[in-house]
Structures are given as C-alpha cells and as structure tokens.
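S.K.: The structure's right below; bear with me while I get my questions together.
2 protein chains.
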Amino acid sequence: MLTGVFSYVKLVITGNITMFGILGSISEAGRIKMGNPATQFCWDVRLTEGLLGERAQAVRDKVIPYQWRALNDSIPGAAPSHAIENLRIAAGEKDGQHRGWVFQDSDLAKWLEAVSYSLMAESNPEWEAHADEVIGLLGRAQQRDGYLNSYYTITGLERRWTNLRDHHELYCAGHLIEAAVAYYQATGKDQLLQIVCRMVDHIGEVFGPGEGQKRGYPGHEEIELALLKLYRVTNNPAHLKLAEFFIEERGKQPHYFDAEAKARGEDPAAYRFDYSYSQSHLPVREQDTVEGHAVRAMYLLAAVAELALEKDDPELVQVCERLWHNTVQRRMYITGGIGSQDYHEGFTIDYDLPNDTAYAETCAAIGLVFFAQRMLALAPKAEYADVMERALYNGVLSGMSMEGTKFFYVNPLAVDPKVCAARHDLRHVNPVRQEWFGCACCPPNIARLLASIHSYIYSAGGAELFVHLYAGSTATIQLSSGQVEVVQKTEYPWDGTVQFTLNMQRAQEFSLNLRIPGWCTQHRVKVGDEELSSLEVHDGYLRLKRVWAPGDTVTLTLFMPVERVWANPQVEENVGKVALQRGPIVYCFEEVDNGPHLAALFIPRESEFQVEEDPSLGLPVLVGTGLRRQGTESLYTTTGPQDEAVPVTAVPYFAWNNRQPGEMRVWINEQ
Amino acid sequence: MLTGVFSYVKLVITGNITMFGILGSISEAGRIKMGNPATQFCWDVRLTEGLLGERAQAVRDKVIPYQWRALNDSIPGAAPSHAIENLRIAAGEKDGQHRGWVFQDSDLAKWLEAVSYSLMAESNPEWEAHADEVIGLLGRAQQRDGYLNSYYTITGLERRWTNLRDHHELYCAGHLIEAAVAYYQATGKDQLLQIVCRMVDHIGEVFGPGEGQKRGYPGHEEIELALLKLYRVTNNPAHLKLAEFFIEERGKQPHYFDAEAKARGEDPAAYRFDYSYSQSHLPVREQDTVEGHAVRAMYLLAAVAELALEKDDPELVQVCERLWHNTVQRRMYITGGIGSQDYHEGFTIDYDLPNDTAYAETCAAIGLVFFAQRMLALAPKAEYADVMERALYNGVLSGMSMEGTKFFYVNPLAVDPKVCAARHDLRHVNPVRQEWFGCACCPPNIARLLASIHSYIYSAGGAELFVHLYAGSTATIQLSSGQVEVVQKTEYPWDGTVQFTLNMQRAQEFSLNLRIPGWCTQHRVKVGDEELSSLEVHDGYLRLKRVWAPGDTVTLTLFMPVERVWANPQVEENVGKVALQRGPIVYCFEEVDNGPHLAALFIPRESEFQVEEDPSLGLPVLVGTGLRRQGTESLYTTTGPQDEAVPVTAVPYFAWNNRQPGEMRVWINEQ
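This is the structure we're talking about:
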C-alpha cells in the first residue's frame, strides 16, 4: 500500500507498547537539544482508577457510540450531522447536496481520533470496523491529486482554496491528519496515514513561498499542530516545513485574506471581524497579547510552541512565553476557561472576565490544555502543568455531563436560567447541557482529549521522568537508563496521597520529578518508609534523583485543604468575591443545594468548610456556613441590610447541572 | 382661520397667564371626579434660580439653537438630519429622496415643542419666526385629506398606513400634535393646531372600530397621550375617543400586526421581536408586568393613566398602579433609568438590572417622568413624585452635558471606556456624550422636557395646592378660593430649605400640601416664625390647611444627610454594593477624582462623607475615606487581599463625564 508520495518510515508494529517506544525514538534525538530539559510525553499509560479514568471510560461507553449514530444521522430528534452522507456524496456513491457546516468533515475526523485513543485503552472490533469503513470512504472521496474535502468536492472544486479566511479547508485537513496519526498509533494501520500524506503533498504543492504557490494560511488554525504531529511520525521534512510556512506566513503584509477577498470580488473591509479574530493581525513573532477567537489562538500557540522546540528557536520560545503569560495571567477564568465574549468567541482585553456573559468554550479550554502540554515539553515548569490541570479538571470536564451524554458548548461561571431566557446578551448561554449541537465541535473534541488523557501524565527525556498529573495508572516508560513501569495508586483529585511503585528488571539511576502543584502549600514525600526532608522544589518539581531498585515505592502527600481564591482586583466583577478550590478542583454553588438567589449569599472570611461525600452527586462537596442577605419589599432602601446564617454547599464546578437545572455561581460575595 | 374640521373652542388670548388660567378651566370640571383628589398641573410658573432653572436656561441658550442648525443640516461634521429638507421635498418645493429615519419628522416636532415651552419663559422673535416658517412648511406638506408625513408623501402615499408596526406614522403624528398644543399654549397662534386637527380628523377616519376602518394602532405609542393633550385644548370628544380606541384596541386578537404583515406579503413570524416589544402582546388591561421597549411602554402608560382619569375608570387605574409598581419596584435603576438591555431597548425581567450593559435610554427616563406626572394627577401620592424627581435629577439630567451641548443616549451605571471599546455587548454604550445622534430622539426630547419642567412643580384642584418639586420659582395658581402667587426660594436640590411666600389680593382658605420626599427622614416646618409640630404626613404630603393671609411665609426644612442606599438583594449585581444619595441626587464615582479601577474601591459601612463644593464641577460633591484593594501580579491568589485607606470623592451622577473621559460607577463595593 505504500506509494511514492508516501515518505514516512514504515515501522514494524508488534503491539502498542513497542510501537510507541519506537515512535518515540524516531524523533527523540531531535527533541533534547534546547537548554531546557525538553521531554516527550509518554503514551503507553493505562488509567486504572479515579476521575480521569472514569471520564475516559464514559467517552468509550457513551460518547463514541452516540457520536457514531450522530455522524450517521440516526438520532431521532437531533439535528442531522450529514458528515458521513456528505462524504458518500463526495465519493460519488450517492446523489445530493452538501449539508451542514463547511467544516462538517472535522467532526468525523475528531470521532476517528477519539476512537483511536480509545482503542489504545481497550480493543473494540466494532468501532475498528466502523473506523475502517469510514477510512475507506475517505479514500474514495479523495481526489486524484490528493485533495480531500467534502464541501468543495460537492459544491465545486474550481472554488477550492479561494476562501481560507472563512471556509476551514485547512482546518478540516488538520483534523484528518490528527486522526490519521492517532489511528496509526493505535492500530498500526496506515491507510488513513497514506491518505493524509497524499493530501498534505497536494497542500504542499498549492501553498508555499515558491512561484505559483499561494502564500495563504488557514483562517482557523489546526493544520499547523497536525503537521507537526505528522512530522513526528513520518520524519518527512516537508511536513515540518509546511507547518513552519503556515505559522510564519500568518499576518504578513500585504495581507493574504485581503488579496483573497478581492480575488473573490469582495471588499475586504466588509469583513465583520478584524484579522485579530484569526490571530493574523500581525506575524505571530510580533504579537504581545493573545487575541481573537480563543480556540484558534490556542491551536496556533500549541503549534508555535512545538515549532519552537523543533526548530530550537529562542525567539519563538519567547513569543510563546509572552503569549502564555498574557493568556493565563490576564485573560483566563479560574476554571481555565478562556474567551470572554460571545461575539467573536474570544478574548477581549486584560482582566475583562465577566462571569455570566463568558464564552469559555469547551474547545478553548481543550486548546489551552494543548498549549500547556507543548509549553511543558519546551520546559517542565509546574506553572504550565498547573494551568493544564486547572483547565482539564474544570473548564474541560464541565463540558460533559457525568453520564457522558450531554455537553456544554459555553461554560460561564455564573448562570441564572431565568436571566438567560430573558437577556439577548446571554443567548449563547444554555443553562443545561445539550445532547448535540448544530455546530458540534465541542463534544467530539472533549471525547478526543479525554480518550487521550493518559498521554498527559508523564513526560520523559534522557534519565529524567516528570510526573505532571496524578491519576491511578500503569505506565511503561523508556528512559536512557532503561524501561520502567510506573504504577500510580491515588484517589486524586479528591485525595492528595499518591503512591508510586517503580517496577524494573534491574536497578536504574534516574530522576523522578514530582510536580508540586501551585495550589499546594504543604507536601510530604516518603521513599519506602523513609520520609525525605529539605527537598528542593525546582520550577515546581521535586526532583528525586537516585538509583532506584525494582519495586521501590514513593509516597507523595499533597495537603489539600479547602482554599479561598481571590482574583486580581482588576477583574472588576470579582472584587469583593471569593471562590473555593480544593486541590485542582474549583467549586461552585448550585441552586439545588443552596436555594435560589445565589447572588445574595455571602461567605465570611473566617468561616470553615468541611469535605463531605454527597450522595446525589457521588463526589466530595464542601459544606459550611454562609450568610444570606435578607430580602426587602422595596427595590431600594436606606435601611442597612440584614444577613442570616445559612448552611451552604459547594460542588465541583465540572459537576454542576447534573442533578436539576438552576442557578450556579463560582464567585460568591465575601464578608 | 377656523374651519369646519376644527372644533376646539377658540379662546381670547390676552397673555400667557390668562390663557393658562382659561385653558385650565376648560377641562377642570371634568377632572375632579374620582375618589382621589385629582389635580391639574400648573403651567404659569417661572423658574427663577437653581438647578432646574439653569438646565432650562441651557436648553434655551444651547440646545434649541444647535438643534435648529442640526434640523437644517448645517452643522459641519455632524450626520445631517434631513428633517426640514424632507418636508420641503414632501411639499413639492424641492426634488429629492427622503433621507434619514422614517420618523425623522418627529425630531422637528420635538424641537417645535421645546421652542414653545421656552417662549413661555422668555420671548424670542427669532425662534418664533423659525417656528412659524416650519409650521408654514408643515401646512404645505400636508395632503388635502389631512395626511401629514414626509416619509410616505415622498416614497409613495399608496403605501401609507400599511406598516404601523415599524414605520412610526402615528408616532410622528403624535409629536406634531404635542408641538401644536404647546405652540398654541405658548403663543396663542393656532395654525399648527389647525393642521394637526385636520390630520387627526383624517386619522380618525382611517382608524376605528367602524366598518371599513382599520383596527390598527401605533407600533410606537405616542399619539395616545398627544390626543389626550389635544382633547384638553379642543374639548372635542372625537379626540378623546380616538385616544381611547388606540389604547383599548392594542393587543387584541386577531392581532392587527399579524394581519398587516400578511397584507404586505410578509410572514408575521419573521418579525425579530415578539409583540411585547410594543406592549401589544396583550390588551393593556390584562398586562401584569411592564414589558418591551421602555420608551414605548412609558408613553403608553402615561396615556393610560390620563385616560383612566378622563374616563373615571377604576379598572384602568388598577392597571396603572400594577404596572407602575412593577416598573418602579422591580425594573428601575436607582437613577430612574429604565430598560435593562440594548437588544430591544427595554425591560427584561424583575430585578434584572445590570449596571454596565444597561440601556436606560434618556428618553425612557423622560417617559417615566410623563407616567409619574399622570399618576400624580390621578392621586397625589409622594411615591409618584419621588420617582418623578429621581428620574428627573438623575436619569434625565445625565442625558445632557452641563454646557447643554452634548448628550447621552444610554445611561449605564458603570462605565469603563476600555471595556466599552473591547466588548460587543457594550457597543451601545458611548463612554462620552455626543453632539448629535443618527437616531436623534433623545436630545430634542430632553430639550422639550427641561423647557417645560416648570409645569411639573405644582398641581392644584379645588382648594388643594400640591407642591411636588422644590425649585426657585414664581407661580400664579388658580384655586377655588382665588388666585395665589407662590414664590419659592431655595437652593434645592443642594440644600433642603425651601421658603414659600404666598402673595394674594386677600386672605384665602386653602390647603398647601408639601411633599415630604421618600428620601427624607426628618423635616421641619415653620409658618412665619411659628414652628409646627406633630403634623401628619398623608401619602407623603404634609397638609397645611388654613386661612392664609397675603404675604404669609412657610419655611420647609428637609434634612439632607448623605444616605447609603442598598438594592434589593434580588438585584444580583448590587449585592454587597452600596450607592450614595443626598436629597434626590444619586452620586457616582469618577476616574478623574478617584483614579482608575473604580471596581477595586470599597466603602466601609461606618465611614462618613462630607459635602464640599467642587471647583472643577461647580457642584456639591461628597468627600470621604474609602478603601482600595491592592493589586497583585497573579491573576488568582490564595493570599487574602489587602486594602488601603484612600480619599474618595463622589459627584452627582447627572454631572459625570463633564471634565474628562474615564470610568464611572454608581454602585461601590461595601465593607
């Protein structure tokens, strides 16, 4: 099946573990070259217990089967996806018009990617058969020259590549590339990888700095990070070069989107956004603040960080650090949600973080996880892992119901269903999770992230092993000292005790770098029964360098009291308010526990909260005493308000709206 | 000049004072018939000193001349109004297209009305000549059948009366009627009154319950209250009946706007609003909550209250009371602003009063003054005058700069120019007053209200004289006991002492009813040098019934400390916040006095404020000590915030943005 256009090194696949080891080794030599101890994330990890494992299980049990039916338009009552039907029409196997969004192909690609990661956790011949079917269909829908996109294939190939600004062709291509890499990693099957390599060859002919080539780049970034993933598998320099071209060309003058609009006979000035919407207002190297559509910004920055590593480019590293800082220290909700407004689904200005009108799209928090992971690969600093964990446990997990059957697209930090129903500026806020969306980017995106979440736990390079996330799991990790099986036993994020067992054939010398989360002010470490003291935490990681013996255990205890969090007082809405956090989990108050009018609740600064298991949620909740401001008949009064002590309960933000609809608030008035 | 279509009683005019006396007497017999002591407002009042007089003076000095130039498209750089040009084209005196809004005629009518009231205060031959010119032009633009509207006259009379829902023909007619009544009252000239009576005869033929008549009513209410004003002058029952028809027909099923849309070949369901937008979702008698576009709602309710009085209809009085209560106790900003959102410029739900995204259109606060005045005429209860005063001194006056040259269309209670520039949901908020607007409803509306504000001070009926507003003024008032000249000397609203002198030919027995404002918890009254005690306040009025001798003086002292105001805790945004008020004046904090980041200011509950004259504003401001929450570098922190004592200054809300642009906030965090 290998053809001339197909240049990656075909690997002998003997099983997932071996494969990942080999895949890792392909580009490892190219990674560890910066001053920072760059590391590679480890894929051979199986989640065995705990919250992350359960969420990945829910993806396998509920999301993937549901989405398969959605993609096949077989869910009664739900808006049809048309994704598979469009491909059938494009393949000439059916008559009809293209229906749905121009980027409908990407939903199918994200499903394929989620299936791929899920097959790493457990085999499923039925899904694999469905995936192979779909891959066959994709092959038949591909044009002879490699082009693959159902929208333009159906509506007129002569118009392809004429509207990169709006029409998501390169975005869809990117998702297909990610799916192909994942399916190859999971199954060793290369049919889709061949398809996308042919597609990328075609794209590389159309786009580039050469004569007769278009100097374009996608309106919605995605292909950049996908090409870098592909490069990691194929080692084909053309794939790296194309990613680099798309990243570096973006935002240059004369502006490609201007020229493209004029060529379509349109006035570029009639565009409803400015180019910061797609981060093309300036070349990325000249950008000082994170702007525009939040998902696009994160996909771009994830790629930029990876390119900085691949190219060993200190200026690009600085760009990433600058935009990272602006994102997480100026424009991020406490939940890791990003995107302060609905209008362009994106960033506004520093410290503008309204709670109720927030967009905080699930996909944007996912994008922040991608960006954080690449920053961690550049330099293992806990500040990156802290944000990755914050976004994951809060702004991402909130996007899916506990059952795994319903989804939030936007994730505000204050919701009042009555107000949402009445206010036009809240029309984007759905106060209950939905089964599916007309624009269904978020559900398959959360599925592919959670299905691959095992790959965010460890990174390794040389004889350094970093633990970024704590989750019950078994990992097989290749270090320069040899292979190690690392078993984590923990109830994290509900309990801060994590026990590691290091299983090896023989003693090895390496460093175990344990992340001490930013939220944790007190920790303890034991190796076997020996308590270690005076250990230095460097960049947020506790480095245990020693010769480890097979079966050695390390017990990390992260003290996890209920913490009050205050926002920078430049966040106008949150001055005078406080949020509760325990471990990485941000809590919120729901009407079902606390009655209506949550805005009238106060938390005294000295009040204490207890952790209790809530039977209705099956999760630890926080229980304490608050104050409720008493109502008045008058709208305005000069009589000082009265407060009454009331019991209050806070639940994990990600778990809100799983019992009954109602109000929710993260930030509560403080007294 | 009187013709057959013209049925009002022509009065012998010997001067304004006589005229208003006679005009008052025309309908007085018809007014005092309800259980409540209904009264009529007194027009023969001259403002002599103080804030209201200064504002009316600014209208005469600045607004009327400016608007005349605007109406004539002779302001360089400003969007042309086209209002006079449209009429010239409609009169066949010029070629061209109609330009500007379909309701452009109404700007001219409001200017005429403002000129009329200003001519009551001081003669101005130049304006009177301009007004006569315009009235002549209006006469020439009128059709033979009485129709008068430049838009349809230019664009096609065959389409007139086919889109009452959107096209404001009856609204424009209403404003012309109000202008005609005012100009007649001011000058005794009846040319415009004749024009509008012919127009109303035409409207009365087209609309009504009879066979062949349209059962329509305006999308934007206005003609209802105008017809009731006209009726007061003409005593023509057809004018009352037409007002009644428009009010009672509104919202009946089958819905007129449905039928009208279908007749235009449009799908009624394609309308972007629901009919609550124009208060036509239900007949007004069945409405329990105030809904839709706030200006429309107020114009309707002002008319309903007046109709209730005219018709002596207790059910209609209940409707007014119910909707009044809902407006002022559930849906009104502390400034008297109404309309919580931009989208439909109107009401949302009870207690939904966001400060930054507020619409609070100047015209809506003006409408609330109209509604309050009619409620006061129904029953002199201080709760109505309290709201009238609140809206006037805050949400209305804020609409015009101190100079009288710039205007706010929307009046939010929290403004941050940086955020306004960045956020699409704040695109309606202009953080500085503008010279003119494309849709210029507010500047001429504020002009006509302020030019007539002298008529809101007193109402009288029988031997009862009510003082609703305190303002330096001289009034000539006809009571059943005889004529009284009432001279008020006061620095209100900056000082609570008001001295009344009662000048009469002879002693008279009547009641002087002095309003004790809702904001006032302590007052004193002296008659001459005699301090009265144990006086009962009934419905907010202190009733001094006695035989008054010529030259008697009454001194009312309203204690005016700085008051803290708290909002009902169901107003989500304001829980934990406090506002400052002194007398009827609501204060706010500006960046120019307090530095940026006003959201980070706190006011301790026990802190005291002093009143000081501010040289930069020339107004009394409040000076005290607050706390400023100290900044942090981190966006989120678990370290408890630090506050620093800082001097703070609050200025009258209406006077904000008169020095330099910047942030502003009414509600401040409390500690």
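Which chain is which? The protein sequence lines are F and V, in order.
Numbered per the numbering used here, the first sequence spans residues 60 to 730.
Numbered per the numbering used here, the second sequence spans residues 60 to 730.
We put the beta carbon where it would ideally sit given N, CA and C, even for glycine.
Over what stretch of residues does the beta strand (DSSP E) that includes N562 (chain V) continue unbroken?
M.R.: Numbered from 1 along the second sequence, position 503 holds the residue referred to as residue 562 (chain V). 556-562 is the span of the beta strand (DSSP E), which, as asked, contains N562 (chain V).
S.K.: May I ask you to report which of helix, strand or coil DSSP gives Q719 (chain F)?
M.R.: Stepping through the first sequence from its first residue, residue 719 (chain F) is reached at position 660. In the structure shown, Q719 (chain F) sits in coil (DSSP, three-state: anything other than H, G, I, E or B).
S.K.: Just by C-beta distance, which residues in the stretch 388-404 of chain F are closer than 7 Å to chain V?
M.R.: Cβ contacts with chain V: Q388, R389, M391, I393, Q400, Y402.
S.K.: Enumerate, from N- to C-terminal direction, the unbroken alpha helix (DSSP H) stretches of 4 or more residues contained entirely within the stretch 266-334 of chain V.
M.R.: List check, alpha helix (DSSP H) in window: 282-293, 296-308, 315-322.
S.K.: Give the secondary structure of T221 (chain F) by DSSP, where H, G and I count as helix, E and B as strand, and everything else as coil.
M.R.: Within the first sequence, the letter at position 162 stands for residue 221 (chain F). T221 (chain F) falls in the coil class under three-state DSSP.
S.K.: If you draw a straight line from the C-alpha of N653 (chain V) to the C-alpha of P620 (chain V), how long is it?
M.R.: In the second sequence, residue 653 (chain V) corresponds to position 594, counting from 1. In the second sequence, residue 620 (chain V) corresponds to position 561, counting from 1. One C-alpha to the other measures close to 22 Å.
S.K.: Please indicate yes or no: does the CB of G269 (chain F) lie closer than 7 Å to some heavy atom of the ligand FMN?
M.R.: Because no ligand of any kind appears in the structure shown, any question about the ligand FMN cannot be addressed here.
S.K.: Of the residues that make up the stretch 618-638 of chain V, which ones have a beta carbon closer than 7 Å to any beta carbon in chain F?
M.R.: Going along the stretch 618-638 of chain V in chain order, one finds E622, R623, V624, W625, A626, N627, P628, Q629, E631, V634, G635 with a Cβ nearer than 7 Å to chain F.
S.K.: Compare the Cα-Cα distances from S460 (chain V) to each of V:K153, V:A328, V:G587, V:L676 and report the closest residue.
M.R.: Along the second sequence, read from residue 1 onward, the residue named residue 460 (chain V) stands at position 401. When only C-alpha atoms are compared, the closest one is V:L676.
S.K.: Just to confirm, are N572 (chain F) and V606 (chain F) a CB contact at a threshold of 8 Å?
M.R.: Numbered from 1 along the first sequence, position 513 holds the residue referred to as residue 572 (chain F). Numbered from 1 along the first sequence, position 547 holds the residue referred to as residue 606 (chain F). Not in contact: N572 (chain F) and V606 (chain F) (Cβ atoms no closer than 8 Å).
S.K.: Going by beta-carbon coordinates alone, are V476 (chain V) and G721 (chain V) separated by less than 8 Å?
M.R.: Residue mapping note: residue 476 (chain V) aligns to position 417 of the second sequence, counting from 1. Residue mapping note: residue 721 (chain V) aligns to position 662 of the second sequence, counting from 1. It should be noted that the sequence gives Pro, not Val, for residue 476 (chain V). Cβ atoms of P476 (chain V) and G721 (chain V): closer than 8 Å.
S.K.: Taking the straight line between their C-alpha atoms, what separation do you get for L678 (chain V) and V354 (chain V)?
M.R.: In the second sequence, the residue the question calls residue 678 (chain V) occupies position 619. In the second sequence, the residue the question calls residue 354 (chain V) occupies position 295. Spanning the two alpha carbons is a distance of roughly 30 Å.
S.K.: Quick check: what's the CA-CA separation for E303 (chain V) versus E448 (chain V)?
M.R.: Against the second sequence, residue 303 (chain V) aligns to sequence position 244. Against the second sequence, residue 448 (chain V) aligns to sequence position 389. One C-alpha to the other measures close to 29 Å.
S.K.: DSSP puts M391 (chain V) in a beta bridge; with which residues?
M.R.: Looking up residue 391 (chain V) in the second sequence gives position 332. In DSSP, M391 (chain V) forms a bridge with V:I397.
S.K.: Between the stretch 371-391 of chain F and the stretch 424-437 of chain F, are three or more C-beta pairs nearer than 8 Å?
M.R.: With the cut-off at 8 Å, the stretch 371-391 of chain F and the stretch 424-437 of chain F touch.
S.K.: If you draw a straight line from the C-alpha of T212 (chain F) to the C-alpha of H656 (chain F), how long is it?
M.R.: Counting from one through the first sequence, the residue named residue 212 (chain F) turns up at place 153. Counting from one through the first sequence, the residue named residue 656 (chain F) turns up at place 597. Their backbone Cα atoms lie some 53 Å apart in a straight line.
S.K.: Quick one: residues in its chain with C-beta nearer than 6 Å to the C-beta of Y443 (chain F), no 5 flanking neighbours on either side, listed in chain order?
M.R.: The residue you call residue 443 (chain F) lines up with position 384 of the first sequence. Cβ neighbours of Y443 (chain F) beyond the five flanking positions: A431, M434, L435.
S.K.: Who are the neighbours of P700 (chain V) on chain F, taking C-beta pairs under 8 Å?
M.R.: Position 641 of the second sequence, counted from the first residue, corresponds to residue 700 (chain V). In chain order: W625, P628.
S.K.: For F466 (chain V), is the classification buried or exposed, using 16 other Cβ atoms within 10 angstroms of its Cβ as the cut-off for buried?
M.R.: Counted from its first residue, the second sequence places residue 466 (chain V) at position 407. F466 (chain V) comes out buried.
S.K.: Note down the Cα distance separating M93 (chain F) from L368 (chain F), rounded to an integer number of angstroms.
M.R.: Position 34 of the first sequence holds residue 93 (chain F). Position 309 of the first sequence holds residue 368 (chain F). Note that M93 (chain F) scores 37 on pLDDT, short of 50, meaning its location in the model is unreliable; the coordinates nonetheless yield the value given after this. Each residue's alpha carbon lies about 7 Å from the other.
S.K.: Could you check whether the stretch 322-329 of chain V touches the stretch 393-400 of chain V, counting it as contact only if at least three pairs of C-beta atoms, one from each stretch, sit closer than 8 Å?
M.R.: As far as the Cβ criterion goes, the stretch 322-329 of chain V does not touch the stretch 393-400 of chain V, which means the pair count is below three.
S.K.: Which of helix, strand or coil does DSSP assign to E442 (chain V)?
M.R.: The residue labelled residue 442 (chain V) in the question sits at position 383 within the second sequence. Reduced to three states, the DSSP call for E442 (chain V) is helix.
S.K.: List, in chain order, every chain V residue whose beta-carbon is nearer than 7 Å to that of T407 (chain F).
M.R.: Position 348 of the first sequence holds residue 407 (chain F). Within chain V, the residues near T407 (chain F) are A481, R482.
S.K.: For D164 (chain V), which of helix, strand or coil comes out of DSSP?
M.R.: Here the question's residue 164 (chain V) lines up with position 105 in the second sequence. In the structure shown, D164 (chain V) sits in a helix (DSSP, three-state: H, G or I).
S.K.: Excluding the five sequence neighbours on either side, which residues of its own chain have a C-beta within less than 6 Å of the C-beta of A499 (chain F), listed in chain order?
M.R.: Taking the first residue of the first sequence as 1, we reach residue 499 (chain F) at position 440. D166, listed in sequence order.
S.K.: Check the DSSP bridge columns for A626 (chain F) and list the partner residues they point to.
M.R.: Here residue 626 (chain F) corresponds to residue number 567 of the first sequence, with the count starting at 1. DSSP output for A626 (chain F) lists V:Y695 as bridge partner(s).
S.K.: Step through the CB atoms of chain F and report whether any lies within less than 8 Å of the CB of H656 (chain V).
M.R.: Here residue 656 (chain V) corresponds to residue number 597 of the second sequence, with the count starting at 1. By this cut-off, H656 (chain V) is an interface position.
S.K.: Please return the same chain residues whose Cβ sits closer than 8 Å to the Cβ of E672 (chain V), not counting the five positions on each side in sequence.
M.R.: Within the second sequence, the letter at position 613 stands for residue 672 (chain V). Correct list, in chain order: L678, P679, V680.
S.K.: Any idea which residues DSSP pairs M459 (chain F) with across the strands?
M.R.: Taking the first sequence and counting its residues from 1, the one referred to as residue 459 (chain F) is at position 400. DSSP lists F:F466 as partners of M459 (chain F).
S.K.: Starting from R605 (chain F), trace the beta strand (DSSP E) in both directions and tell me its first and last residue.
M.R.: By 1-based counting over the first sequence, the position of residue 605 (chain F) is 546. Counting along the chain, the beta strand (DSSP E) containing R605 (chain F) begins and ends at 600-607.
S.K.: Please report how far the alpha carbon of Q338 (chain V) lies from the alpha carbon of A658 (chain V), in whole angstroms.
M.R.: For this step, residue 338 (chain V) is matched to residue 279 along the second sequence. For this step, residue 658 (chain V) is matched to residue 599 along the second sequence. Distance between the alpha carbons of Q338 (chain V) and A658 (chain V) is about 36 Å.
S.K.: Going by Cα to Cα distance, which pick from F:T221, F:V255, F:S175 is closest to A200 (chain F)?
M.R.: The residue labelled residue 200 (chain F) in the question sits at position 141 within the first sequence. Checking every option, the nearest Cα to that of A200 (chain F) belongs to F:V255.
S.K.: What does a CB cutoff of less than 7 Å around S485 (chain F) pick up in its chain, not counting 5 residues either side in sequence?
M.R.: Locating residue 485 (chain F) in the first sequence gives position 426, counting from the first residue. As written in the sequence, residue 485 (chain F) is Leu, which differs from the Ser given in the question. The residues are D415, T416, V478, C479.
S.K.: Counting only C-beta atoms, is K477 (chain V) closer than 8 Å to chain F at any point?
M.R.: Along the second sequence, read from residue 1 onward, the residue named residue 477 (chain V) stands at position 418. With 8 Å as the cut-off, K477 (chain V) counts as an interface residue toward chain F.
S.K.: Could you tell me which of F:N208, F:L451, F:H314 sits nearest to I516 (chain F), measuring between CA atoms?
M.R.: Your numbering for residue 516 (chain F) matches position 457 in the first sequence. Per the Cα distances, F:L451.
S.K.: Is the stretch 504-513 of chain V touching the stretch 488-495 of chain V in the sense that three or more CB pairs, one from each, lie closer than 8 Å?
M.R.: Cβ pair count under 8 Å is below three, so no.
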